[in-house]
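Number of protein chains: 4
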Amino acid sequence: ATKLRKHIISPFNPRYRAWEMFLVLLVIYSAWISPFEFAFLSYKKDALFIIDNIVNSFFAIDILLTFFVAYLDSQSYLLVDNRRKIAIRYLSTWFIFDVCSTVPFQSISLLFTDHSGGLGFQILSMLRLWRLRRVSALFARLEKDIRFNYFWTRCTKLISVTLFAVHCAGCFNYMIADRYPDPKRTWIGAVYPNFKEMSLWDRYITAIYWSIVTLTTTGYGDLHAENPREMLFDIFYMLFNLGLTSYLIGNMTNLVVHWTSRTRNFRDTVRATSEFTKRNHLPPHLHERLLSHICLKFKTEGFKKQEALNGLPKAIRSSIAHYLFYPNVQNVQLFQGVSQDFLFQLVPELEAEYYPPKEDVILQNEAPTDAYILVSGEVELVASIDGHDQVLGKATAGEMFGEIGVLCGKPQPIGVRTTELSQILRLNRTALLDILQAHPADEHTIMNNLFLKL
Amino acid sequence: ATKLRKHIISPFNPRYRAWEMFLVLLVIYSAWISPFEFAFLSYKKDALFIIDNIVNSFFAIDILLTFFVAYLDSQSYLLVDNRRKIAIRYLSTWFIFDVCSTVPFQSISLLFTDHSGGLGFQILSMLRLWRLRRVSALFARLEKDIRFNYFWTRCTKLISVTLFAVHCAGCFNYMIADRYPDPKRTWIGAVYPNFKEMSLWDRYITAIYWSIVTLTTTGYGDLHAENPREMLFDIFYMLFNLGLTSYLIGNMTNLVVHWTSRTRNFRDTVRATSEFTKRNHLPPHLHERLLSHICLKFKTEGFKKQEALNGLPKAIRSSIAHYLFYPNVQNVQLFQGVSQDFLFQLVPELEAEYYPPKEDVILQNEAPTDAYILVSGEVELVASIDGHDQVLGKATAGEMFGEIGVLCGKPQPIGVRTTELSQILRLNRTALLDILQAHPADEHTIMNNLFLKL
Amino acid sequence: ATKLRKHIISPFNPRYRAWEMFLVLLVIYSAWISPFEFAFLSYKKDALFIIDNIVNSFFAIDILLTFFVAYLDSQSYLLVDNRRKIAIRYLSTWFIFDVCSTVPFQSISLLFTDHSGGLGFQILSMLRLWRLRRVSALFARLEKDIRFNYFWTRCTKLISVTLFAVHCAGCFNYMIADRYPDPKRTWIGAVYPNFKEMSLWDRYITAIYWSIVTLTTTGYGDLHAENPREMLFDIFYMLFNLGLTSYLIGNMTNLVVHWTSRTRNFRDTVRATSEFTKRNHLPPHLHERLLSHICLKFKTEGFKKQEALNGLPKAIRSSIAHYLFYPNVQNVQLFQGVSQDFLFQLVPELEAEYYPPKEDVILQNEAPTDAYILVSGEVELVASIDGHDQVLGKATAGEMFGEIGVLCGKPQPIGVRTTELSQILRLNRTALLDILQAHPADEHTIMNNLFLKL
Amino acid sequence: ATKLRKHIISPFNPRYRAWEMFLVLLVIYSAWISPFEFAFLSYKKDALFIIDNIVNSFFAIDILLTFFVAYLDSQSYLLVDNRRKIAIRYLSTWFIFDVCSTVPFQSISLLFTDHSGGLGFQILSMLRLWRLRRVSALFARLEKDIRFNYFWTRCTKLISVTLFAVHCAGCFNYMIADRYPDPKRTWIGAVYPNFKEMSLWDRYITAIYWSIVTLTTTGYGDLHAENPREMLFDIFYMLFNLGLTSYLIGNMTNLVVHWTSRTRNFRDTVRATSEFTKRNHLPPHLHERLLSHICLKFKTEGFKKQEALNGLPKAIRSSIAHYLFYPNVQNVQLFQGVSQDFLFQLVPELEAEYYPPKEDVILQNEAPTDAYILVSGEVELVASIDGHDQVLGKATAGEMFGEIGVLCGKPQPIGVRTTELSQILRLNRTALLDILQAHPADEHTIMNNLFLKL
């Protein structure tokens, strides 16, 4: 949103982004058509010739345009809109390559000779593959773009690379056969002696078929190298395939490991718990409580991704806690009448937790380390009288419990157990006492509230 | 166990689960039979026709049933039994697909024409493969179900996917050959010119054989594409195989890494220890003690999976500790006569540890950081007199040691060494003193007990 | 070393271990010979027949022996030598399988009929492959045995599995061809019409060649299935291969990742450091100091694998620290005349560190958080006078420095810099003061020593 | 740079390094030429013979030289220049192998017989492959050398290994065919009956083509084993390939996982954050602040790689902090007139952080845990008056804020929010108060400065 100098375009400008995307489409078109022309169309067809030059002119326009596009400095993360700096940066990096991949060598050759260049000019036009760096840059950006699914971006990239390799190898191998002096001693001529009279579609499909049979290492052998020239090409293609296949498998492994990690963590935890209960001969009700807690934790992982918040600066964390917990805390009877300041400092100390039904939150007589505020669900207050658990009452959303033990510093007089799935805010005793110490007036109010409740 | 409205079925109802499982079996049957019918049975056989319609009617019943099944809300984790909400949810998600995959297109076509539909109707009946989402959902559930082994669930899934791909590709490839105008220029006709007269079994086996030779990239080449139509199909099949093979390898790597991680951790620890002793020229007896401790730790990992307990809420941890350690602590001479409250708060602070034979638990004169209770096994009390270690006595299960140093705050007067494999509870000094401070009466009792012992 | 009841053998008895190893060799022999006999030797040769029965009798002996071998209880980690319990455990687990795999079906069949059984008896003798569980158990033990290299154990296991699969598949495939009614329509007969007259060696090599060409998915196609029976076998073999290959790759990936992790960690650290210095434009001398420190840390990782010690019980850690550091500490001038107790508690608090040459250990005026004892190498004492660093003196092995700041509680008056590679013990100020507080007499001695030094 | 004895060369000597590199080139030459000679050149050509002996003599020189090269002791990390120790070490390790791989067996055989040795001597000359250990050692060193990219080093190594395997297998397989009694029953003779008259180039290409078709498991089948001898070789080659392919895939997976880990971490964090905001229905402005913070953190990871510094000794960390932060701190108004000592101890406590625009650094009324110094960028001071946020002023680079709350120990009176990308140093309150306590004079100065500001 920062303002740039006149006539300088931001790289984040939506219209410039659209232009870039349009160029990427042209790149894909020319990456596909260049090897195809090279191998199958020995003379330049008129229509293709014109389309080629139109495409080229778009890239020429882009070269000029680049001199007017600001860039992001990799050190300061600021946009540089100084025209001199932009020009120096472009001239010293990719300018030469961009120009070379845009010069229409074949058209130039037509100016001087009658026929559309020889093999040399065709190889020069292979320079256009340099444009593929745009596709590569696009994928690098997409992978970091959170709006796109990582898995599918990665898959699309891998499939594109594979298809392009298959296409290039098929075309090139066909070209070797087409140019070979003895057509019957070529990979395609050995099977289809009159292959040059076959339709373009049949020849292309055959070439692609050979290419993919080799790439996937299926190697039926119905089409195979027949002369040293083809063998040499095959050797390089197969070495490349070895790398590509490994790369594909490596990527897939990476994705699979990443995918399944959550389920595996869950299962590992459950297995460890089951082993623990089995070894220690824990009674079934304890085992069930353990399992139900772990399952709930796994399910609600999305809820309480507070770990994601740990690396954030304090101010953001405070804002979030304020947004999430302030309404709940404000209405707690214990905190009626306390100052805004007090609540403001209290809120960031709260931690949200989920409890499955019938789980103990507080055991009677345990050390008072935490107080709890019930956000949703219901708990019952339990006390052991003559060795029998008796339900003394219930607490519903908005009530606090465990505060008596925490504020008076004695073992929790009453146990608390959930009756249904409950969301509970936990407040650490030390944190609470620290804040109370800094607000003596509020401490007084709270103690009054506590006595009122009792 | 929550009650639902009348006529609404819970998705966790065992009978509904059985119905779902029955449908999965029907799905597997129709997933196998559909491509087979499509390729090998050009005319509809009567028996199959009837079975097909019966299967279809079961799926039609399930569509109706779905309007009466509650669902689990993904936000609140509560069952929704509101009939309107159920209907809206189903109509807006999978209803259309379910209906399309159930409509008996072939039967309808029979109403209007004499013969059982053309290729078009057969392709429409391919819509039934949509039902496979049920199998996919089943596997997703099984993977999270702790009663099934993760490895075998995953393997079954991968094998099912592979077999289904092999079956489909085999059938489809046969169909292409079957429909091709010149039977001798097909993959199967080139080898078996009269393949149409072969038995169904032989043709099916040959198709599956070709399919799996291609999928595993073995590619003998005895059967291979002979015309562009087959080449095109092969190209897509081989691209798919590349992905599937990578996926299989990725999954296997994932499982192997997970499997071997425990053994590797153990070996890494042992190797690091061995290097450490070697570098520092530690004497052999120290090296052996180190190794025996590490081996024991590895073996008893199952025992003390207390790390699994760390993420649990305090109340559960207390319950477990109470169950495990209370009987041991209750009988310790030092704690005779103390209040229940005291023991209740003491127990969660204990940590169970295993010691191999002849390992020092306490060194004479070390700083008193912990006291220990012997649960099983035997230890001897050692003191160095005139530079010689002398055994002063033995302690057996149920006795406490190290408490003198801890309570009096002076270096441990006596060393303790195990004589056999021993399970020992460790009690941190700070934790003990904190609890004593909160229970002055019990402190008095304990000090009395200590003097009695001395 | 615990004593067992009479006539009960410990599973760790060296002679019993040797017997087990001998059985493993017999297992390997019979695993190799069984499929071979099955496929290539249609009539039982005399020599083989006798060897077979001898091998069988050894396994029969082992079945009897097992009733006298104690076992390790998986719950209590104790050897169980109760004869009744041993018998119950064996009878309820592997007894049936062991017996079935030992019964000499072919010899029995000879008692009743003239020729050595039909296909049925041969398939029954395949039950002997059950014995392979011994090999599997051996590998499981070797992988955990720290005397053997994990990588090579794992590789041997994988190679064994692969070779056994190749051998079995080759033999079985040959048998199918051998038994097929029309020898010319078999995988081997199509190429070598008179294959039954070929030498045993040639036939075996051809079978293994086919097997491995298929397993590695090379699939030349010179030998391939010719009839539905062979196709069916191939289908299963190729499916199995898919799993086996994935398993091999998964294992190799696992090993490679594990292997390279150390180098990669080192490189990651170095790269992060280089980026840090580059971004912050740190001067070259700081960059060099950073790098030399990281390289040294990487090299000496073996020395100070103290992380490996962190999980150990206190008594072991104390013993090691005592062994390593006591001689150094004893001779330090500052600690002359202090009590043994004091040193005993001081030693576990020391941490060994390596410093490359020309690195600052203490900066002049820094906060006094640590004192240092020089174990080997040499340091120079530096003070900045009028803004110039001046060397005041040197300290050699056995001297202490930084103790003035630590004991007097003021900024370090003198900087310290290494002149060569030095090993230094670091002593945290808080730890030292805590120990001094507990030993007032020693505090006095140390203060005297300090004044003497000054 | 340590001085060595006379006539002893350091292994780090640049000229010795160059010599080693020269030998590596000779090794590569002889590793390539040895199998080639072996297979394709049945008689020793004169030129090759001479070159061979020259190469040999260089290696002979190196054997002598090794007796004069110091080595790094693996225990003490010191160079050993004792001539006796060097000799003992070399003689007891690699001397024998080096000599065996250098003896010119063929030349010796020429002394005794007329023709240049038989198969035996050729096999002996295979001993030269022992020299490859130099290449292996070179790669091990390069992988740890931080000047080379890990990925490319590793790739080069893998490609070298693959190419060498292909070359060796091709040569060896050709040799088997060349030596076979019936040339028509060999892998090459079956296709090219007169292969012995083909040009060297064609024969070599064909051999390499076969080799790579097998290694990549493509297995066209146009060239395949025809006799048991070749089958046996193929069996071993394919088993080796299985291992090599797994190794390649394992390495690639390793590299891919390592490569993508950064992007994946970023995406995981973003996804967790998005889920968190969605579940808790956080308002969009909070969501945007969260995301912009995470993106900035990811981008500036290079800036604040201070985690990389955590493992460093205190003195280095202090030096770096001093270099980075001292100029900023010196000019802060609050610290005018304080002692050098004070600043010296303050600087290591600072932590650099980046804040995106419009992010809160301090919320009004929050607990005063940190003070901040603005290094670059701009912040505005905000206070809520009657519930409306009002901008009270701005602070620019070099100013401090939050110090009032920290020094007076009361909630921050004024909120602070960035207006652009800002680099901010954070100073923890506790650390500041600790340092102030140790410098009472500076505390006075600072309080004066604070009052002046107010």
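In order, the protein sequence lines correspond to chains A, B, C and D.
The opening position of the first sequence corresponds to residue 9 in the numbering used here, with each subsequent residue numbered one higher.
The opening position of the second sequence corresponds to residue 9 in the numbering used here, with each subsequent residue numbered one higher.
The opening position of the third sequence corresponds to residue 9 in the numbering used here, with each subsequent residue numbered one higher.
The opening position of the fourth sequence corresponds to residue 9 in the numbering used here, with each subsequent residue numbered one higher.
Yeah, the Cβ is synthetic: ideal placement off N, Cα and C, and Gly gets one too.
As the structure is a computational prediction, the values presented were derived from the model and not from experiment.
Alpha helix (DSSP H) segment containing residue 167(D), residue limits: Residue range 158-187 is occupied by the alpha helix (DSSP H) that includes residue 167(D).
Length of the line joining the Cα atoms of residue 384(D) and residue 432(D): CA-CA distance, residue 384(D) to residue 432(D), rounds to 7 Å.
Per-residue contacts from residue 451(B) into chain A (C-beta, under 8 Å): Against residue 451(B), chain A offers no close residue; the least beta-carbon distance is about 16 Å (beta-carbon pairs closer than 8 Å).
Min CB distance residue 260(D) to chain A below 8 Å: Chain A, which has a Cβ nearer than 8 Å to the Cβ of residue 260(D), makes this yes.
Delimiting residues of the beta strand (DSSP E) encompassing residue 423(C): Per DSSP, the continuous beta strand (DSSP E) segment holding residue 423(C) begins and ends at 423-426.
Closer than 8 Å to chain B by CB, residue 374(A): In terms of beta-carbon proximity, residue 374(A) lines the interface with chain B, with at least one pair separated by less than 8 Å.
Segment contact, 8 Å Cβ cut-off, at least three pairs: the region 216-231 of chain C with the region 238-249 of chain D: Result yes; three or more Cβ-Cβ pairs closer than 8 Å.
Segments of 3+ residues assigned as beta strand (DSSP E) that fall wholly inside the region 383-427 of chain D: Counting whole runs of 3 or more residues, the region 383-427 of chain D contains the beta strand (DSSP E) stretches 386-393, 396-404 and 423-426.
CB contact flag (residue 434(A), residue 367(A), <8 Å): No, these two residues do not count as a Cβ contact at 8 Å.
Buried versus exposed, by CB contacts within 10 Å (16 or more), residue 443(A): It is buried - the Cβ of residue 443(A) has at least 16 other Cβ atoms within 10 Å.
Residues, ordered as in the chain, of the region 411-428 of chain B that lie near chain C by beta-carbon distance below 9 Å: Cβ contacts with chain C: 417, 418, 419, 423, 424, 425 and 428.
8 Å Cβ cutoff met for residue 19(D) and residue 78(D): Contact: yes.
Assigned exposure category for residue 253(D) - 16 Cβ within 10 Å defines buried: Per the 10 Å Cβ criterion, buried.
Beta-carbon separation (whole angstroms), residue 340(D) vs residue 381(D), contact threshold 8 Å: With a Cβ gap of about 6 Å, residue 340(D) and residue 381(D) count as contacting.
Min CB distance residue 229(B) to chain D below 8 Å: Output row for residue 229(B): interface = yes.
Exposure of residue 457(B), with buried meaning 16 or more beta-carbon neighbours within 10 Å: Buried, by the Cβ-count rule.
Test: residue 12(A) CB closer than 8 Å to a CB of chain B: At a cut-off of 8 Å between beta-carbon atoms, residue 12(A) makes no contact with chain B.
Reduced DSSP secondary structure (H/G/I, E/B, other) of residue 42(A): In the displayed model, residue 42(A) falls within a helix according to three-state DSSP.
Segment contact flag, the region 149-164 of chain C with the region 16-34 of chain C, C-beta cutoff 8 Å, min 3 pairs: No, because fewer than three Cβ pairs between the region 149-164 of chain C and the region 16-34 of chain C fall closer than 8 Å, the two stretches do not touch.
Pair within 8 Å by beta-carbon distance, residue 284(D) and residue 454(D): Taking the C-beta atoms as reference points, residue 454(D) is found no nearer than 8 Å to residue 284(D).
Whole-angstrom C-beta distance between residue 42(B) and residue 137(B), which should lie under 8 Å: About 7 Å; that satisfies the 8 Å criterion.
Three-state class that DSSP yields for residue 98(C) in the structure shown: The answer is helix: DSSP assigns residue 98(C) an H, G or I state.
C-beta neighbour in chain C for residue 353(D), strict 8 Å: Any Cβ of chain C closer than 8 Å to the Cβ of residue 353(D) would place that residue at the interface, and such an atom is present.
Closest by C-alpha distance to residue 402(A), when choosing among 418(A), 425(A), 420(A) and 352(A): That would be 425(A), whose Cα lies nearest to the Cα of residue 402(A).
Close beta carbons around residue 170(B), own chain, < 8 Å, minus the five adjacent residues each side: Closer than 8 Å at the Cβ level, and outside the excluded window around residue 170(B), lie 223, 252 and 256.
Neighbour list for residue 236(A) in chain D, Cβ cutoff strictly below 8 Å: Against residue 236(A), the close residues of chain D are 209, 210, 213 and 214, in the order they occur along the chain (beta-carbon pairs closer than 8 Å).
Spatial distance of residue 132(A) from residue 113(A) (CA atoms): If you take the alpha carbons of residue 132(A) and residue 113(A), they lie about 7 Å apart.
Selection from 279(C), 387(C) and 23(C) that minimises the alpha carbon distance to residue 154(D): That would be 279(C), whose Cα lies nearest to the Cα of residue 154(D).
Test item: CB-CB of residue 391(B) and residue 370(B) under 8 Å: Not closer than 8 Å, so no.
Check whether residue 48(B) and residue 208(B) have beta carbons under 8 Å apart: The answer is yes: Cβ separation under 8 Å.
Classification of residue 296(D) by the beta-carbon crowding that lies within 10 angstroms, buried from 16 upward: Residue 296(D) comes out exposed.
CB contact check: residue 312(B) to chain D, cutoff 8 Å: Since pLDDT at residue 312(B) reaches only 48, below the 50 mark, its modelled position is unreliable, and no value is offered.
Secondary structure of residue 344(C), DSSP reduced to three states: Correct three-state label for residue 344(C): coil.
C-alpha distance - residue 108(A) paired with residue 184(A), whole-angstrom precision: Their Cα atoms are separated by approximately 26 Å.
Spatial neighbours of residue 179(C) in its chain, beta-carbon cut-off 8 Å, leaving aside the 5 residues before and after: The residues are 43, 44, 46, 47, 48 and 215.
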